[in-house]
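Numbering (my numbering), first residue to last: 35 to 256. Idealized CB from N, CA, C, for every residue including glycine. Okay, so here's the structure we're looking at.
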Amino acid sequence: MSVTDNLIKIRSTLPDSVKLVAVSKFHPEDSIIEVYNAGQRIFGESKVQEITRKFENLPKDIVWHFIGHLQSNKVKYIAPFIELIHSVDSKSLLMEIQKQAAKNNRVIKCLLQIHIASEDSKFGFDENEVLNLLNDPDFNQFKNIKICGLMGMATFTDNQLQIRNEFKRLKSIFENLKKDYFGNDADFCEISIGMSDDYTIAIEEGSTLVRVGSSIFGIRNY
Ligand SMILES: *Cc1c(COP(=O)(O)O)cnc(C)c1O
């Protein structure tokens, strides 16, 4: 099957409430164009150098999402064009995003990455850390940042029940934060969960943004 066939097949399974982020990391610009020509506009990347190069070379109506671990000293390269950063995992990173967004006269949308997997290798806040952040007086000074929701990655496992429970946990943290901190804020609405192997479970558990790479583009050559 071609990448276009893969895209169409996946799209046909998504409810209207779920947006597809086509994760194009490590794939060539030609493949992105193929998927773009089939109507896809949101693309996700996880390396600053790669997303910046692709942004420069590819059509300007592509909506770029950053999904990988982001180092503060590299925010400046993506701040002029990035639409949504899924992977915000520290206050210091938020401070740098604020600084660079202001410099570019933009508001940058961000998701707070929550650590839900059992592996400790994955980045993200735990529930207490995110509460500390939201209670921090500095949090209200991020005028050029729009917090739009949460992102999480489930454990890399075949245990579907475990994956489902991790997504349920993220959803429940989302609901609590929405109630206690974002009550009147309609923009706090995104739950970014689900990758190639688990996006159907994620959708059942309330995903609004699925990040699908290999099921569209095939395996990555790192
Ligand atoms: C690479 C990546 C994906 C896509 O993974 P696939 O299994 O290829 O669908 C999704 N989210 C994040 C954060 C990633 O780094």
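Annotation for L48: no beta strand (DSSP E) segment contains it, and DSSP assigns it neither H nor E. Relative to R75, the option among R87, F60, K53 and H61 whose CA is nearest is K53.
Rounded to whole angstroms, the Cβ separation of I225 and G240 is 5 Å, and the two are in contact under 8 Å.
The beta-carbon distance between L168 and Y215, rounded to whole angstroms, is 5 Å. This is short enough to meet the 8 Å contact definition.
Ligand 1 never approaches I197 closely enough for any of its heavy atoms to be under 8 Å from the residue's Cβ. Restricted to the stretch 91-151, the beta strand (DSSP E) segments that are unbroken, complete and at least 3 residues in length are 97-100, 118-122 and 142-148, listed in chain order. Under the DSSP definition of a beta bridge, S226 partners with M185 and L243.
Rounded to whole angstroms, L128 and S152 show a C-alpha spacing of 25 Å. One thing to note: L204 has its Cβ within 9 Å of the Cβ of I150. In the DSSP assignment, the residues bridged to E79 are F100. C144 is positioned such that its CB atom lies no closer than 9 Å to that of V164. Summarising the contact set, residues whose Cβ lies nearer than 5 Å to any heavy atom of ligand 1 are, in chain order, V57, S80, I101, M229, S230, R245, V246, G247 and S248. Between Q132 and D50, the alpha-carbon positions lie close to 32 Å from each other.
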